[in-house]
Amino acid sequence: MTLEYYKHFLEQQGIVFEEGLSEEEIVLIEQKYDFKFPPDLKEFLSLGLPVSRGFVNWRADSEKNIRGRLDWPYDSMCFDVENDEFWLPEWGKKPQSHEKACEIVKKALDRVPKLIPIYSHRYIPDTPCEAGNPVFSVYQTDIIYYGRNLGDYLEIEFDRSRKWDLKTGYIKQIDFWSEFAEGYIL
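Our numbering applies: residue 119 is where the sequence shown begins, and numbers increase by one.
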């Protein structure tokens, strides 16, 4: 199915769209927030910008709001470092100071694919910068697959009658994030 299909599908579900992002707007967003939209998300946002509650309004949301959404995976992980004793062995010995521990988390997350918010706490990785990346649900260190790709995700999220099973079929592996989703971490 095409991305036009998914836009139409979301409109039928009551999602409001504004005019799609222009190429110039996309370039400015990517430069400002230091990531690249994967081609499928870029095309989808060019067809129409979803502005209903829960979506990132890349055109009108404040920089603070957008940065908050981009920082959510980091902030959530730091919350679990402080409150749930989460710590990965590859990060070395956990510092006593929460601030120092979060500095280590920040450095670690700076080395893995950046997650781009789509809707609520659902994210798509910017790397590899190609169509077909999986969508992750990120809530603290509870990180799961929420779609094999953008289209699959949109149907799962917005068609509650659809039964889905992500245990069958191919899901592209994403450095670090797939390890959480597949239960290798935690």
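Note that the Cβ used here is the ideal one computed from N, Cα and C, for glycine as well.
Counting only the same chain and skipping the five closest in sequence on each side, list residues whose C-beta sits under 6 Å from that of residue i.
i      : result
Lys125 : Leu165, Gly166
Asp277 : none
Asp158 : Ala249, Leu268
Val169 : Val134, Glu136, Asn175
Roughly how many angstroms lie between the CA atoms of residue i and residue j, to the nearest whole one?
i      : j      : result
Thr120 : Glu148 : 24 Å
Thr259 : Val223 : 12 Å
Lys150 : Ile184 : 11 Å
Phe135 : Phe127 : 12 Å
Asp228 : Cys220 : 12 Å
Gly132 : Pro207 : 45 Å
Is residue i helix, strand or coil when you go by DSSP?
i      : result
Arg240 : strand
Ser296 : helix
Ser206 : Before going further, note that residue 206 is Leu rather than Ser in the sequence given. The answer is coil: DSSP assigns Leu206 none of H, G, I, E or B.
Val145 : helix
Val230 : coil
Glu275 : helix
Gly186 : helix
Pro246 : coil
Near residue i, what residues of its chain come up, given a Cβ to Cβ distance below 7 Å and the 5 sequence neighbours on each side ignored?
i      : result
Phe153 : Lys232, Ile234, Asp244
His239 : Trp190, Ser255, Val256, Tyr257
Leu188 : Tyr151, Pro235
Name, in chain order, the residues that DSSP records as bridge partners for residue i.
i      : result
Pro235 : Tyr241
Ile261 : Val256
Leu159 : DSSP output for Leu159 lists no bridge partner at all.
Are the CB atoms of residue j and residue i within a distance shorter than 8 Å?
i      : j      : result
Ala299 : Tyr241 : no
Leu85  : Phe155 : Only positions 119 to 304 of the chain appear in the structure, and residue 85 is not among them; the question remains open.
Trp295 : Val253 : no
Tyr237 : Glu273 : no
Glu203 : His216 : no
Leu139 : Arg177 : yes
Tell me which residues share the same chain as residue i and place their Cβ nearer than 8 Å to its Cβ, disregarding the 5 neighbours each side in the sequence.
i      : result
Asn288 : Correcting the residue identity first, residue 288 is Tyr in this sequence and not Asn. Answer for Tyr288: Arg266, listed in chain order.
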